[in-house]
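Numbering of the sequence shown is given in this note's numbering, commencing with residue 81 and proceeding in unit increments. The C-beta atom is built at its ideal place from N, Cα and C for all residues, glycine as well. Please read all numbers here as calculations on a predicted model, not as lab measurements. Let me begin by presenting the structure, written as structure tokens, before commenting on it.
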Amino acid sequence: MGDKEFYKNGLRFECTRCGACCIIHGDHAYVYLTAKNIDEMSRFLGLTPDAFYESFCRKNEDGNVILTMKDGHCNFLENNRCIVYPVRPAQCRAWPILSEHLNDTYWNGVLREFCPGIGQGRLYTAEEIENIVTMRDRER
Numbered sequence: 081m082g083d084k085e086f087y088k089n090g091l092r093f094e095c096t097r098c099g100a101c102c103i104i105h106g107d108h109a110y111v112y113l114t115a116k117n118i119d120e121m122s123r124f125l126g127l128t129p130d131a132f133y134e135s136f137c138r139k140n141e142d143g144n145v146i147l148t149m150k151d152g153h154c155n156f157l158e159n160n161r162c163i164v165y166p167v168r169p170a171q172c173r174a175w176p177i178l179s180e181h182l183n184d185t186y187w188n189g190v191l192r193e194f195c196p197g198i199g200q201g202r203l204y205t206a207e208e209i210e211n212i213v214t215m216r217d218r219e220r
């Protein structure tokens with residue numbers, strides 16, 4: 081679960097609602113979906129799960145179901161806002177507190193380059209960080 085020493089004193093993050101996390105940035109190219117995500121998002125949009133899958137999903141090289149992207153950003157990003165926010169996937173709910181981000185190089189380097197909320201606002205404790213990571217990993 082990331083580098084526990086790195087986040088032992090907590091991490092600051094505050095969403096600025098800029099939408100940058102919904103845009104492809106190098107390795108940040110996939111939003112992974114579960115069957116539950118597809119069901120919830122399709123109902124929210126008034127689609128059948130099959131129609132949702134056909135319109136908005138594909139499998140990546142590892143066989144995981146992912147959202148397709150439109151012009152380098154999430155299909156559900158409109159005016160820097162998520163139009164499926166109430167039913168967004170766990171990965172989106174947890175972002176940027178993902179196990180793969182929890183090290184100094186990634187948090188203070190890669191993420192800080194495009195996310196103005198890194199290092200700002202509320203301090204998440206180590207316990208909160210671990211709970212968020214567990215929630216995301218459990219739903220993945």
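- Ranked by Cα distance from F194, the first of E180, G106 and L157 is G106.
- Between the C-alpha atoms of V164 and D83 there is a straight-line separation of about 32 Å.
- Short of 8 Å from the beta carbon of V213, and not among the five residues preceding or following it, lie these beta carbons of its own chain, in chain order: M81, G82, A174, I177, L178, S179 and L182.
- Taking every protein chain shown into account, the CB of A109 has fewer than 16 other CB atoms within 10 angstroms, so this residue is exposed.
- A contact between stretches requires three or more CB pairs, one per stretch, nearer than 8 Å, and the region 124-138 fails this requirement with the region 84-99.
- If you look at C137, you'll find it in the beta strand (DSSP E) that goes C137 to K139.
- In the three-state scheme derived from DSSP, where H, G and I count as helix and E and B as strand, I103 is classed as strand.
- K116 sits in a helix when the DSSP states are folded into three classes.
- P166 counts as exposed, since fewer than 16 other beta carbons sit within 10 angstroms of its beta carbon.
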